[in-house]
Amino acid sequence: MPISSTDHPTAPDRDRQDASAAPAPARAGAYRLDLDGLRGVAIALVVAFHIWAGRVSGGVDVFLVLSGFFFTGMLVRRADGGAVGVLNTVRRTLRRLLPAMVVVLAAVVVATVTLLPHTRWSDIAGQTVASLFYYQNWYLALSWSDYLAADPSVSPLQHLWSMSVQGQMYLALLLAVAGAAFALRRAGRPGRLRLVLAVLFAVVGVASFWHAADGVATQQGWNYYDTFARAWEPLAGALLALAAPYIRLPRAAREAFAWTGIAAIACCGWMVNGVLVFPGPAALIPVSATVALILAGAGRDTADQPLVNRVLATGPIVQLGGFAYALYLWHWPILIFYLGEQHQRRAGAIGGAVIIVVSLLLAYLTHHLVEEPLRERSKPATPAPGRLIDPARARLIAGVAVSTVGVLLLASTVAWQWNMGAKAHAVGELDPSKYPGAAALTDHAVVPRAPMRPTTEEAPADIAYPTRDGCISDFDTRAVVTCTYGDHEAHRTLAVVGNSHAEHWIPALQLLGEQYHFRVVVYLKMGCPLTVAEEPMYKGQHNPDCRDWSAEVIDRLGSEHPDFVFTTATRPSDNGGDETPQDYVDVWSALSDRNLQIIGIRDTPWLRRNGIRYRAIDCLASGGNRLDCGIKRADALSPENPAAAPAAAFPNLHLIDPNNAVCEPAVCAVVEGNILVYHDEHHLTASYARSLVPELGRELQPILGWW
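The numbering used here numbers the first residue of the sequence shown as 709 and each following residue consecutively.
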């Protein structure tokens, strides 16, 4: 899942001082260069950890605290002087955030069209719109995208989830401060604003922290992107902005805070695997460290600050902090496109250095040519000494350019989404004389010349029926959802149980059920093969919903007692081939204890190349053919069915292996009998599953004895 994205390192609507100017006293409300330097350190850690370590650095948490601190402080100072100015603040905030974002998004769209197959464009178009309107975190939460998986299959816009979280929190803080200030002015008690806000932020912050802690244990994939789970971090900064003017620490305490804070931030990425535990209690490490550094330098002249804060306020570090936002925006897409072009999972030392240099250059140009001109307030009639163009003209040029690019970007992505939405649809029944599918392998059927179906555009919608019908519990649904396929009036029942790899046999089982008169009842959950493990994992994350869902399903199967339970018996091995995990054997034991008959089907191959997953449609759209885009059979399937040995201990377990109807002797191609086998990297298209009816029927007949 993402590794951490960082927050916007540029506090909106602040009164910036030139980094080269002499530092001003660190009085309450004065701008602090050491915190700009802290941004620089945090962004350096974020970039380094993304590129070389594949871990969360904690930088996002540092930036969230800083953004809450700066933004709330600015709002409260405005409220003290009069109206907060909601619309004006929104306008100025967007003016600071959007221009660099638009430039990077436009560059990513151009690179996508140039370098990626058209089958990837729709998702990136959707994420572009989500990023522009600050809901990218929810877009990703719905798919449990893995931020640690920095490989060619990952979106170059995945890192922008944190910008959405920050934008949403800015709006929430703005409305809270403006609403409280307005209400207190009407009540004649404006002097209580800080107290009211402190109570409000503390209550919401505690609730958010509790929610995040619970989410780590229950649904971390969602929790990582959840705005409310993240809210306690900027709220910690907001509370600090309210309290800092009244806090005075002795020098020894400030020195201890400063050294402890910077050490914790530097080491956080190695201390905890943040992608598995943030923003839960473990995020107290970077959050507390940031709070400590803010307090260490609060209310002091720069010369009287601890050494750490004075170092953070030095020129180079402050300058890095100045364009940290642009650097953050650029480094991730450059990394992803580099990995895609090199077909690698890691950039390496030299590649990583190249990515950093290019990112720094683009960030510097974006900062000086886009961000700075649009932040200029003064409009001198003549250019300042040493400048080729006056700020007013630079601002006009940058504004017109960014606005034009933004409009074109939004129009093109929305148009593409609409166009692809019209093309993506499930394929109906195909003529078996033109589209024999699996029969080309099992019965040596003649394969005439015919266009592949489903097409690369149709494939994403040619999915198994339970997903289409809402008959599978998704990642965030604990409830057991059941539906019936086949012959609804039949008295014989086949229960299909497990995850999406049990599900993708439903199009075939539906036809067999109708033909031979048996019911097919599904008990399915995404990312959850039936399990009895205490700590089941999905994408490296604890998945307790899977444990609890499985326990209920096993109990229901024991009481409802279907004639047979159909589930997967193998899965791909990280070392190549396939395997039967011990957890699968434990499930067989649990089902056997309930006197259930089990059909264990060997899983179909998953498309992987050098350990990197890929979609068949992407490979085909890039010019590959059915064989080149396939996977060697020896890489996907072990020489013997790995379920055979453990299955010998279970007389009620019946194994079937239909992979000869999916794979040729040497290769598992992605198209057979003119039908596309996979709609993604490892799930069968509904069309190909239907072509497997004869072979699946031959495998099941001796076991079921129903025809």
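Don't be surprised by glycine CBs; every beta carbon is placed ideally from N, CA and C.
query, result
"Where the alpha helix (DSSP H) containing T1175 begins and where it ends", "1173-1177"
"Those residues which DSSP pairs with S1181 across a bridge", "K1233"
"Chain-order list of residues whose beta-carbon lies under 7 angstroms from that of F1031 (same chain, five-residue window excluded)", "A1071, Y1072, H1075"
"Straight-line Cα distance separating Y1173 from V749", "50 angstroms"
"Rounded C-alpha distance that separates A1092 from L848", "Unreliable placement is indicated for A1092, whose pLDDT of 49 sits below 50; the coordinate value is still reported in the next sentence. Their backbone Cα atoms lie some 46 angstroms apart in a straight line."
"Three-way DSSP call (helix, strand, coil) for R897 in this model", "coil"
"For A1055 and I759, believed in contact at Cβ under 8 angstroms, the rounded distance", "5 angstroms"
"Alpha carbon of A1034 to alpha carbon of A1351, nearest angstrom", "52 angstroms"
"Where E1372 falls: helix, strand or coil (DSSP)", "coil"
"H1250, DSSP secondary structure in three states", "strand"
"Beta-carbon separation (whole angstroms), M1128 vs E1166, contact threshold 8 angstroms", "About 11 angstroms; that fails the 8 angstroms criterion."
"Continuous beta strand (DSSP E) assignments of at least 3 residues falling wholly in the segment 1328-1362", "none"
"V1385, DSSP secondary structure in three states", "coil"
"Where F668 falls: helix, strand or coil (DSSP)", "Here the chain comprises residues numbered 709 to 1415, so residue 668 is not present and cannot be evaluated."
"G1194 (DSSP reduced to helix, strand or coil)", "strand"
"Under 8 angstroms between C-beta atoms of A944 and V764", "no"
"Local conformation of R1264 per DSSP, three classes", "helix"
"Rounded separation between Q1013 and L795 - CA only", "37 angstroms"
"Outcome for H867 when other beta-carbon atoms lying within 10 angstroms are tallied against a minimum of 16", "buried"
"Whole runs of the alpha helix (DSSP H) within the segment 1273-1312, excluding any shorter than 4 residues", "1290-1300"
"Assigned secondary structure, V1135 (DSSP; H/G/I helix, E/B strand, else coil)", "coil"
"CB contact flag (A808, L1037, <8 angstroms)", "yes"
"Which of helix, strand or coil DSSP assigns to E1380", "strand"
"Simplified DSSP state of T1090, which is helix, strand or coil", "Confidence at T1090 is low in this model, with a pLDDT of 48, below 50, so the placement of that residue should be treated as unreliable; the coordinate-derived value is given next. T1090 falls in the coil class under three-state DSSP."
"Cβ shell of A952 (< 6 angstroms), same chain only, five flanking positions each side left out", "A1006"
"Cβ shell of Q1125 (< 8 angstroms), same chain only, five flanking positions each side left out", "S830, A833, G834, V837"
"S1258 burial status per 10 Å Cβ neighbour count (16 or more: buried)", "buried"
"Residue burial classification, D922 (beta-carbon count within 10 angstroms, cutoff 16)", "exposed"
"Distance CB(H1391)-CB(D1311) smaller than 8 angstroms", "no"
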